[in-house]
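Protein chains in written order, with the working numbering: chain A, 398 to 861; chain B, 34 to 248. Note that beta-carbon positions come from the ideal geometry of N, C-alpha and C, so glycine has one too. Everything on this sheet refers to the single structure shown next.
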Amino acid sequence: MTLPFRLLFIAVLQVVLTSILTYFLVTDEYRDLSSQSVDTLESFLIEQKHRELQNYTLLAVSAMSDAYENSAIDDDEAKAQVTEIIHAMTYSGNDGYFFVYDGEGNGVVHPKEPYRVGQNWWELEGENGDKTIQILIENAKAGGGFHRYPWRKPSADEMSEKMGYSVYLEKWNWMIGTGVYLDDVNSQLNKLQREIDQHINKTKQIILVVAMSSIFVIFLLGLILNLSQKKKTDQKISELGLKIINMQEEERRHISRELHDGIVQVLVSIKYSLEATGLWLKKAKVDKPQPLEHAQSNLQDAISEIRRISHHLHPRILDELGLSAAMDALATEFSEQTGITVNVTKPAVRKLVQDSINTTLYRVVQESLINVQKHAQATEVNIEMTIKDKWLTLTIKDNGQGFDADNSGKADDYGIGLRNLAERVEYHLGEFSVHSSQAGTQVTARIPKTSYANTLPVKEGPAE
Amino acid sequence: MSQTQTEQPTRLLLVDDHPMVQGGLSACLSFYDDIEIVGMTHDGKDALEKALALKPDVILMDISMPSMNGIDATEIITDSLQDTKVLIFSMHDSPEFVTSSIQAGASGYILKDTTSEEVYYAVKAVAKGQTHFSSSIAKMLIDKPARDTSQKLTTREQLILTHVAQGKSSKEIARILNISFRTVEAHRRNMKSKLNIESLAELICYAVDHGLVEK
Chain A
398 MTLPFRLLFI AVLQVVLTSI LTYFLVTDEY RDLSSQSVDT LESFLIEQKH RELQNYTLLA
458 VSAMSDAYEN SAIDDDEAKA QVTEIIHAMT YSGNDGYFFV YDGEGNGVVH PKEPYRVGQN
518 WWELEGENGD KTIQILIENA KAGGGFHRYP WRKPSADEMS EKMGYSVYLE KWNWMIGTGV
578 YLDDVNSQLN KLQREIDQHI NKTKQIILVV AMSSIFVIFL LGLILNLSQK KKTDQKISEL
638 GLKIINMQEE ERRHISRELH DGIVQVLVSI KYSLEATGLW LKKAKVDKPQ PLEHAQSNLQ
698 DAISEIRRIS HHLHPRILDE LGLSAAMDAL ATEFSEQTGI TVNVTKPAVR KLVQDSINTT
758 LYRVVQESLI NVQKHAQATE VNIEMTIKDK WLTLTIKDNG QGFDADNSGK ADDYGIGLRN
818 LAERVEYHLG EFSVHSSQAG TQVTARIPKT SYANTLPVKE GPAE
Chain B
34 MSQTQTEQPT RLLLVDDHPM VQGGLSACLS FYDDIEIVGM THDGKDALEK ALALKPDVIL
94 MDISMPSMNG IDATEIITDS LQDTKVLIFS MHDSPEFVTS SIQAGASGYI LKDTTSEEVY
154 YAVKAVAKGQ THFSSSIAKM LIDKPARDTS QKLTTREQLI LTHVAQGKSS KEIARILNIS
214 FRTVEAHRRN MKSKLNIESL AELICYAVDH GLVEK
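Take a look at the structure:
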């Protein structure tokens, strides 16, 4: 794993861990707070119900207080009157009513469940084993109290949790009570709980989105960083490559020149010295000695050999006569070696282009011809150099089989040398392209006029 | 090698950037009485001045030289001095060098690796108004003739074209380059025929198109 990727990995890991931690902390805190608030709400609601029940009961009691206060213990008339009053008293629609049982658990008043009247419910049990009626009576006797128990809700006709409040009418040994159903409290609490859960879910989603987008941004930044770094590195490499090529070219030119203009000239001068010796001997009527003969012929070989090396390193014709002549010489040499016809078309002007561009274009021709020889199986190559529309255009076109992308070996072979040339051409702000088809390959190099124009100085004066 | 004829010795100017070669060659040529070495120089520009001052019969001219190459120098010298013959004396054996030299007005071309005897004969031949090429050069010209360079402008022509494109008259150019008006006119005719151009306007257009002058 490279360093940038390691950093990336650490960053992502941190985001993930932070997100998870945040999620748990926040939801935990939230649940704590919410359960507190649910509890608070519940006790508040229950408290409210209590007060409500007490008020209703107070109302009922005061409604019947006339009849009750003025009655005797067994005043059936008064009892009937009270029964009627209580029977008729309802609130909160269908579900608010009063019930009356005597001290033994016999039903006295029950507007919603009339069958309970006249029967004994002392032993009635709730689901959890509470003796509902006994507890209500007990609470009543204790001066009023609350009790929760399951009871049928009239409006829904099903069992529901009910909170009952009962008081005691001592004179008649009656327990009078009423109750509210707690399902609306429960639904309110459930609703709250649901909202809280929703909130937590939302928080979870937000954290997830933030985490994902953070990771995405990190990756994106990493990618951009990586790409820009790669681009920089690539550029540096290609600059370096170009520098090396230029240096190499310069070095070759230098050595070639040293050989041709230095050593070869010295050898030539020695040759003439030897010849002068021969002439001197001839004048003195002495036969030319054999070793002198050998020295002269060996010297000739040495001169040829060094000139061959020099030419191979850098063609002097390029410096002396310019690109057109150098291309001609190259084409002739190539035709001789390979038997492939080479046609050269070039402009009438000469020595227009500076040395470094000359050398680059010369190498383009050279490399292209090498490729033709190696791969193209062509019979003819056309080299054309034109100056038109502010561009110097050099094309090398063969009539060979071309190379296609599938045959990657060939394309690669073509590629490496040409890629270097492309960079060299681009260095002079030029353009380089290779097109290949079944009908042959065409290499094109273009140099803008701005890169070479006006390099020919107008020499003044008679010294010229 | 005594001189058998009564004629004046051939006055020879040696132009070669390598003093050792010059030394060796002049040592050889000193054995021939009918050649007089009137001067030696090591570069093209100096050769122009020496040629104008000495007006030699023959100049033995190297090609690769520092300030100006021998072919360009040949062109300028043959422009100005009608009676001076130039014999190219070079290491280069590509046909392009030979044809460029001929175009520039050289009367002969010999390679540096020929014998001094051939140098002698070549000098004498061109002095008489003949042409002379090393046998290997002649053979090469027949075997692999240079690609068509007759349509290419010479350095001199290109320079004159640049002046023309800058709006100078033949008279002015003649004065600047220190050559005759007729020579300039001849160059202009040659250029037009090489470039297949009829008018002055086209000539100027060509120079601008090819980046010889700024628009």
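In DSSP terms, what residue i is bridged to
{"i": "E21/B", "result": "Residue 21/B lies beyond the stretch modelled for chain B, which goes from 34 to 248, so this question has no answer here."}
{"i": "R549/A", "result": "M556/A"}
{"i": "K794/A", "result": "N779/A, Q839/A"}
{"i": "Y427/A", "result": "For Y427/A, which the question treats as bridged, DSSP gives no partner whatsoever."}
{"i": "I70/B", "result": "L45/B"}
{"i": "M94/B", "result": "V48/B, I121/B"}
{"i": "F214/B", "result": "DSSP lists no partner for F214/B."}
{"i": "F829/A", "result": "A842/A"}
{"i": "L789/A", "result": "I784/A, I844/A"}
{"i": "F166/B", "result": "Y142/B"}
{"i": "K640/A", "result": "DSSP output for K640/A lists no bridge partner at all."}
{"i": "K633/A", "result": "DSSP, once it has assigned bridges, lists no residue as partnering K633/A."}
{"i": "S834/A", "result": "G837/A"}
Nearest residue (CA-CA) to residue i, options the options
{"i": "A723/A", "options": "Q697/A, R747/A, I706/A, K568/A", "result": "R747/A"}
{"i": "Q645/A", "options": "S635/A, Q835/A, E426/A, H711/A", "result": "H711/A"}
{"i": "A842/A", "options": "F495/A, I754/A, L605/A, D795/A", "result": "I754/A"}
{"i": "H651/A", "options": "I534/A, D716/A, K599/A, S694/A", "result": "D716/A"}
{"i": "W519/A", "options": "Q626/A, A539/A, M572/A", "result": "M572/A"}
{"i": "Q734/A", "options": "I703/A, I767/A, R704/A", "result": "I767/A"}
{"i": "I175/B", "options": "P128/B, G138/B, N211/B", "result": "P128/B"}
{"i": "L521/A", "options": "K601/A, Q531/A, G515/A", "result": "Q531/A"}
{"i": "G244/B", "options": "N570/A, K785/A, F496/A, T630/A", "result": "K785/A"}
{"i": "D95/B", "options": "A139/B, N211/B, T187/B, F64/B", "result": "A139/B"}
{"i": "A773/A", "options": "E781/A, V663/A, H832/A", "result": "H832/A"}
{"i": "Q713/A", "options": "E655/A, L749/A, V665/A", "result": "Just to set this straight, residue 713/A is Arg in the shown sequence, not Gln. Of the candidates E655/A, L749/A, V665/A, the one whose C-alpha sits nearest the C-alpha of R713/A is E655/A."}
{"i": "I604/A", "options": "I417/A, G561/A, L566/A, Q478/A", "result": "I417/A"}
{"i": "K509/A", "options": "Y488/A, D580/A, Q751/A, E439/A", "result": "Y488/A"}
{"i": "R649/A", "options": "E702/A, S666/A, H708/A, V606/A", "result": "H708/A"}
{"i": "L533/A", "options": "Y498/A, N525/A, V505/A, P511/A", "result": "Y498/A"}
{"i": "D105/B", "options": "L186/B, R215/B, R44/B, Q199/B", "result": "L186/B"}
{"i": "T437/A", "options": "D492/A, L689/A, Q590/A", "result": "Q590/A"}
Residues of its chain near residue i, where Cβ-Cβ distance is below 8 Å and the 5 sequence neighbours each way are ignored
{"i": "S805/A", "result": "With a pLDDT of 44 at S805/A, under the threshold of 50, the modelled position of this residue cannot be trusted; read the value that follows with caution. Excluding sequence neighbours, S805/A sits near nothing in its chain."}
{"i": "V412/A", "result": "A608, S611, I612, I615"}
{"i": "W788/A", "result": "R843, I844, P845, K846"}
{"i": "S97/B", "result": "D50, G103, S123, M124, H125"}
{"i": "E444/A", "result": "none"}
{"i": "E31/B", "result": "Residue 31/B cannot be examined here, being either before or after the span of chain B that is shown, 34 to 248."}
{"i": "I230/B", "result": "M224, L236, Y239"}
{"i": "A207/B", "result": "S213, F214, T216, V217"}
Cβ shell of residue i (< 7 Å), same chain only, five flanking positions each side left out
{"i": "I642/A", "result": "N817, R821"}
{"i": "T74/B", "result": "V48, A80, K83"}
{"i": "K628/A", "result": "none"}
{"i": "L718/A", "result": "none"}
{"i": "T783/A", "result": "P744, T790"}
{"i": "A553/A", "result": "none"}
Contacting residues, own chain, Cβ-Cβ under 6 Å from residue i (five flanking each side not counted)
{"i": "Y142/B", "result": "I121, V131, S134, F166, I170"}
{"i": "F402/A", "result": "none"}
{"i": "K633/A", "result": "none"}
{"i": "S113/B", "result": "I212"}
{"i": "G858/A", "result": "Low local confidence applies: a pLDDT of 34 at G858/A is under 50, so the model's placement there is unreliable, with the coordinate-based value given in what follows. Counting only Cβ-Cβ distances below 6 Å, and skipping sequence neighbours, we find nothing."}
{"i": "T424/A", "result": "I597"}
Contacting positions in the region 730–753 of chain A - beta carbon closer than 8 Å to chain B: E733, V741, K743, P744, A745, V746, R747, K748, L749
Residue ranges of each beta strand (DSSP E) within the region 543–622 of chain A, 3 or longer: 555–566, 571–578
Chain B contacts from the region 680–699 of chain A (Cβ-Cβ distance under 8 Å): K680, Q697
Positions along the region 55–81 of chain B whose CB lies within less than 7 Å of some CB in chain A: G56, G57, L58, A60, C61, F64, K78, L81
Segments assigned alpha helix (DSSP H), at least 4 residues, entirely inside the region 462–522 of chain A: 473–485
Interfacial residues, the region 640–672 of chain A to chain B, with Cβ spacing under 9 Å: R654, H657, D658, G659, V661, Q662, V663, V665, S666, I667, K668, Y669, S670, L671, E672
Where the region 96–114 of chain B meets chain A: residues whose CB sits under 8 Å from a CB there: I96, S97, N102, I104, I109
Segments assigned alpha helix (DSSP H), at least 4 residues, entirely inside the region 715–742 of chain A: 720–735
Contact set between the region 117–135 of chain B and chain A, restricted to residues whose Cβ is under 9 Å from the partner: M124, H125, D126, S127, P128, E129, F130, T132, S133
Near-chain B residues of the region 697–719 of chain A - C-beta to any C-beta below 7 Å: Q697, I700, R704, R713, I714, E717, L718
Near-chain A residues of the region 144–162 of chain B - C-beta to any C-beta below 7 Å: K145, D146, T148, S149
Complete runs of the beta strand (DSSP E) confined to the region 105–160 of chain B [at least 3 residues]: 118–123, 141–144
Within the region 648–683 of chain A, ranges of the alpha helix (DSSP H) (whole runs, at least 4 residues): 661–680
Under 8 Å (Cβ pairs) to chain A, residues found in the region 224–244 of chain B: K227, L228, D242, H243, G244
Where the region 771–798 of chain A meets chain B: residues whose CB sits under 9 Å from a CB there: I784, K785, D786, K787, L789
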